[in-house]
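Report on one structure; see the data block that follows.
Protein chains: 6
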Amino acid sequence: MHLARESWTDADAADTTLAVLPVGSTEQHGPHDPLGTDVLTAEAVAEAGADRYTDPVVVAPAIPVGIAEEHRRFSGTLWTSESTFRDYVRDVVGSLAAHGWDRVVVVNGHGGNIAALKEVTARIVRHDDAYAVPFTWFDEVGEHTSDMGHAGPLETSMLRNTDPETVHDDRLEAAAADGADGWGEWQGRVNLAVDSDEFTDNGVVGDPRESSADLGEELLDRSSEALCDLFDAVRDRDPTSRTD
Amino acid sequence: MHLARESWTDADAADTTLAVLPVGSTEQHGPHDPLGTDVLTAEAVAEAGADRYTDPVVVAPAIPVGIAEEHRRFSGTLWTSESTFRDYVRDVVGSLAAHGWDRVVVVNGHGGNIAALKEVTARIVRHDDAYAVPFTWFDEVGEHTSDMGHAGPLETSMLRNTDPETVHDDRLEAAAADGADGWGEWQGRVNLAVDSDEFTDNGVVGDPRESSADLGEELLDRSSEALCDLFDAVRDRDPTSRTD
Amino acid sequence: MHLARESWTDADAADTTLAVLPVGSTEQHGPHDPLGTDVLTAEAVAEAGADRYTDPVVVAPAIPVGIAEEHRRFSGTLWTSESTFRDYVRDVVGSLAAHGWDRVVVVNGHGGNIAALKEVTARIVRHDDAYAVPFTWFDEVGEHTSDMGHAGPLETSMLRNTDPETVHDDRLEAAAADGADGWGEWQGRVNLAVDSDEFTDNGVVGDPRESSADLGEELLDRSSEALCDLFDAVRDRDPTSRTD
Amino acid sequence: MHLARESWTDADAADTTLAVLPVGSTEQHGPHDPLGTDVLTAEAVAEAGADRYTDPVVVAPAIPVGIAEEHRRFSGTLWTSESTFRDYVRDVVGSLAAHGWDRVVVVNGHGGNIAALKEVTARIVRHDDAYAVPFTWFDEVGEHTSDMGHAGPLETSMLRNTDPETVHDDRLEAAAADGADGWGEWQGRVNLAVDSDEFTDNGVVGDPRESSADLGEELLDRSSEALCDLFDAVRDRDPTSRTD
Amino acid sequence: MHLARESWTDADAADTTLAVLPVGSTEQHGPHDPLGTDVLTAEAVAEAGADRYTDPVVVAPAIPVGIAEEHRRFSGTLWTSESTFRDYVRDVVGSLAAHGWDRVVVVNGHGGNIAALKEVTARIVRHDDAYAVPFTWFDEVGEHTSDMGHAGPLETSMLRNTDPETVHDDRLEAAAADGADGWGEWQGRVNLAVDSDEFTDNGVVGDPRESSADLGEELLDRSSEALCDLFDAVRDRDPTSRTD
Amino acid sequence: MHLARESWTDADAADTTLAVLPVGSTEQHGPHDPLGTDVLTAEAVAEAGADRYTDPVVVAPAIPVGIAEEHRRFSGTLWTSESTFRDYVRDVVGSLAAHGWDRVVVVNGHGGNIAALKEVTARIVRHDDAYAVPFTWFDEVGEHTSDMGHAGPLETSMLRNTDPETVHDDRLEAAAADGADGWGEWQGRVNLAVDSDEFTDNGVVGDPRESSADLGEELLDRSSEALCDLFDAVRDRDPTSRTD
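In structure tokens, the structure reads:
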């Protein structure tokens, strides 16, 4: 049930309370991965999860621009303020819920969105007429999660599996050479940097040479399976906490 | 230069000040056209215009949800508040401009967005560091414009040309039969209705049986040509009015 | 029932649900018409409509400053932001409705207010406890509407009928000579200008020499009659759409 | 220089930095005084002051609705939220200043506006490009100030001088009989009441029988003289505090 | 019941609807009094009132920064915007009320907060589920109130009684010598100054040499007694005005 | 340099650019720890760090109420909305910076504040005239960090060292018995709960019986040492990223 491609009458016939809202970012992903990486991967996971789930799940169109001001000095990065992003997500979830799809999983492909999604979904649960939770796919791939980086092995693998034409294989060496080993400039547990160009020259963190289409297939499989488990939980959740 | 599918380094190499931002809506389009009609058509026109233009034009990802509360009682319609939508567009245009693409045409596929886009682009021109104008494709197809309706001949034709699999040809008769002849419930020049279900049972205005793929091709051709003419004007515009 | 000139006890005795709220603008109207043109005309129409209507209609005081930033470079033009204007109108309508006058016609004399009034009245109908519609007088004068312009024959005629001392008859020649033929600088259907001084030197659009007090009387008659027809429709409207 | 009745060209020729912005309220003033009392009196004082001043003073149109929710249970009272009112005043003052009239006296006729005007004018002085101060006329009439009340001798006298047809002389006895002696319900220096109907049955505080047209003339004379003294001070003020 | 120092279980056992929220400011108080004067005194009065009251009263932690931009040019002065302050107070009162402590006295130690507290508490009473009133201690000390000034005899006395180590006795002479006699620069009843450094060199208004610990004890006694009288009134108040 | 207890003249003499702003929460901490735990510990760390640092550090008063709606069903928990909290912090940091103390460490004692502080300090660095970073003390105590919980061994130890009278030693057994082992109700990496009472009956997570005053002393020592290291880094940081 990919909402954007169905008529309203078919959408109306969907017998479900479950919806997924893919959320990404349009932002630099090194010289080798496309600016749309976080949208493409979020959409892929959302669709794979909805496809493999036993019951119907409404798939909303992906929100393409998120919280990415930290990459502002890399060309092509787009962003909104945090509050604009939260408002946009809240309004969209509210309109999904207005049609009875009031169990909403926000499938996220961008680390920079995580805190804002946690804030806005909690606000929705407490104060609106919906139950919503965020799901960030690269947190749900088991031991691979620790290899995330930025435009590193995980994201590059996902794209090589689903959108291989968007990856410049011939730039992986350069991407790795000029990238950073870790995210941020740290003093203890405090990151002194607010923008990514303070610690990475080409925007890369991690080694994308470790990517492969096979790994991408595995990542998609694991994350979409985890998403299905979450669908079960969300569908059955008694949101007794929703008391306002 | 489809931003979402390019790397930031390739985006950085684009020698242009021009960008297009497609803006649509996810909302009912009768029993025969998809909920994503306004996004699909806006994207098609934006891409066709950018492709045929002599100079490079940056194509931003489409904003999929707009101002559509008027269709709220038709399943699958998504919407944000007007102010959320304006904020989202303003932020995205601002980030485009931050990279030097500060001549932005917002290519719109939805009538409900027009007033908000006029307001926000004027605000951008007067108070931000960018020059932006809205362009609504179905206003730029000559004598056909008067046939617009909603999910009527123009939109259905566009889809039959670019995304034919999303149109239910077998529902055109029913679509026409239960649709309305005009938009709104009028007392003089005042529309007494605020929601579309007050005057159309299935969401249709106009007769989609008059659509064809050929007409769609013509509409795409004419609107993208008009868009190229606008690129010329926007590129050369001396925004002397930008004085704040 | 001119609210500002009645006591609350007399207002309380009014047996009606109908109210009109005149809304104008204080902005340049050429060298010949006063800056208050849009308020004076909106008030005149609102009062004439209320006077000729069979049932009592509460007339609220006119809101004198609206959305007129486009005229900012002409001395004396006053404006608020669009959101401030919408908030002000919404609050005033809300307080009218609190007294039982919850069928409100916003009588408008300024083109720049139209979109904002459409947005805010729809919001009121959908989310507040009132039914409100905008009514722009120069859209309700039949074939004359196409002669509107700015400080042109229609507005000048209205003033020559109701407030002749505010019109400088001896400047009509100069007003016409230095005015523009049309509103905006157009590329296709897109207006490239955001401020009126980009296309008119003295602020005039149209030929005010075609004005007359007789025409003004006719315009007032036609628009106030249309307003009365709207009162009927608004009074009897079943706002079933008001479901939030 | 009554802005609303002048052309922009004449306004442009005004050689001054001084402007007055009358601000009132539309709210209950007992059974005898009109709902528009606070606007009528503010306008009268602003105009009298501008007329008697040696140099030209731009008179802006009066803002008719202010902060009056405390009278919400008396029919005909209109109000906006405090923040809407502040925004409206700030925007209007900003547009006056844009034309070079950046010394603005906000002439106020309503006690409920005082705190909001102090806040917003200080914000304007500190953060915008203008110097603005509030002036509440009934605070500037010497020993009479202590007789203010609400719809009491001062306001009623002012109206009997400038707008006598709006006062119901035959209701003064009843107005006095059912009014309250003082404003509020006090515990120490704390007013326990938030709405005026908690302490006055007909909305009156003070004895309007003590009013007269002669007293009104004196009040207008004294307050407009005080306003002229303020014009001197505001014109000559070195706003060194304006450092942001 | 000092909330910050009690466990939630003990707070839960409190059998009361009454709470006090101390509100101060961190701002210059001359060379002799500490920047925290307004918080220290507000806390002292709140605690003394709660201690002497017959029934339990919940004491919330003090809000330390308020509306003090007027002192911005004196080092160490902290401030928030008026709207931020109001939002903060409203949210905190709302959370107190959520636990059943919905009769809230906001005990204030700073003149600059008074108008904002009046606005926000009225809003709470009218629109939220709580009854709240502001109480400014130096307005409740009888004939002493007229000696208030700024960092003058009253505040200095309070501190010499409760926090003597924060007062520099050896600077009282200098404080008095360089202070101002009154607050503001007046033209009639209008204060032309928006910042305190426009009329006082060291921030002092009034003569702190007239202070004493004995006077401080008396002030604390009188204000806390007045606060207890207010607790009675607030506890018993029938907030029939709360109708929204 | 505890700002609240110093005069403005002494604050003015401080030769430093460094300031700390303690930020806590007033919220349930089980039956044994006080509601003010997060403020008390944040203040203790901030003061200890400032005291041990070689150069002067301005200590601002602690912000006592933060983001704690998740504990709303436990009596005494106070909270503001996330946006109110961010606004409050931003305004206070802005006023610190106005005095030249534009290197600000926000010392935080509450997990629920972390995301909001990251957002607001990044906004300050990018758009305001200050450099600010958040520092959460329990993230800076080495291997102990993993024992954090809520009202568990770390917080209880801190209080037993600095404010032992606020800890109910006789309730530690009950606190541990009815507490939860972990925070949240998890499906994969998604927490299905938005409020803490969904997974803990008495508000406790972790075993406070493992606390001791000695451990508290060590925690204070380690965290204040880490804070001093951060002071060095913040003082010397070239905020080249601050380009807006």
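Protein chains in written order, with our numbering: chain A, 1 to 244; chain Y, 245 to 488; chain S, 489 to 732; chain R, 733 to 976; chain U, 977 to 1220; chain E, 1221 to 1464.
In this text, a Cβ means the ideal position worked out from N, Cα and C, and glycines have one as well.
DSSP beta-bridge partners for residue i?
i	result
Pro896/R	Paired residues: none, contrary to the question.
Val302/Y	Ala263/Y
Gln919/R	Val922/R
Ala1400/E	Val1425/E
Phe867/R	Val839/R
Ile1039/U	Val999/U
Just to confirm before moving on: does the CB-CB distance between residue i and residue j stay below 9 Å?
i	j	result
Arg415/Y	Gly268/Y	no
His354/Y	Glu271/Y	yes
Ala1108/U	Val1082/U	yes
Ile307/Y	Val336/Y	yes
Leu340/Y	Val302/Y	yes
Ala733/S	Phe623/S	Absent from the structure is residue 733/S, since the part of chain S shown begins at 489 and ends at 732.
Thr1297/E	His1120/U	no
Gln1163/U	Leu924/R	no
Trp1077/U	Ala990/U	yes
Ala530/S	Pro510/S	yes
Ser390/Y	Pro34/A	no
Ala721/S	Val434/Y	yes
Arg1310/E	Val194/A	no
CB-CB under 6 Å to residue i, same chain, minus the five flanking residues each way: which ones, in chain order?
i	result
Ala980/U	Pro1037
His168/A	His32
Ser196/A	Glu70 and His71
Leu528/S	Asp651
Ordered along the chain, which non-local residues of its own chain (more than five positions away) have a Cβ less than 8 Å from that of residue i?
i	result
Ser420/Y	The question names Ser, but residue 420/Y in the sequence shown is Ala. Cβ within range, chain order: Val448, Asp451, Pro452 and Arg453.
Glu872/R	Arg954, Ser955, Ala958 and Leu959
Under 7 Å Cβ to Cβ from residue i, same chain only, skipping five residues before and after it: list those, please.
i	result
Arg330/Y	Ala360, Glu363 and Val364
Arg1211/U	Thr993, Leu994 and Arg1079
Asn446/Y	Gly274, Pro275, Ala419, Asp422 and Gly423
Ser455/Y	Pro397, Thr400, Ser401 and Arg404
Thr932/R	Gly911 and Ala912
Gly637/S	Val693 and Gly694
Ser1444/E	Val1265, Ala1268, Gly1269 and Arg1272
Thr1219/U	Confidence in Thr1219/U is poor, its pLDDT being 41 and thus under 50, which makes the residue's placement too unreliable to answer from.
Arg73/A	Asp195 and Asp197
query = Between the region 458-466 of chain Y and the region 398-410 of chain Y, do at least 3 Cβ pairs fall closer than 8 Å?
reply = yes
request  = Determine which residues of the region 461-481 of chain Y have a Cβ less than 7 Å from any Cβ of chain S, and write them out in chain order.
outcome  = Ala470, Asp473, Leu474, Ala477 and Arg481
message = Using a Cβ-Cβ cutoff of 7 Å, what residues of the region 131-144 of chain A are near chain Y? List them in chain order.
response = none
inquiry  = Taking beta-carbon pairs under 8 Å, can you tell me which members of the region 814-837 of chain R lie near chain U?
reply    = Glu814 and Ser815
Chain Y contacts made by the region 662-680 of chain S, where a contact means CB separation under 7 Å = Gln675, Gly676, Arg677, Val678 and Leu680
request  = Using a Cβ-Cβ cut-off of less than 8 Å, give me the residues of the region 528-550 of chain S that come near chain Y, in sequence order.
outcome  = none
task = Could you run through the region 1223-1236 of chain E and flag, in chain order, every residue whose CB is less than 7 Å away from some CB of chain U?
result = Leu1223, Ala1224, Arg1225, Glu1226, Ser1227, Trp1228, Thr1229, Ala1231 and Asp1232
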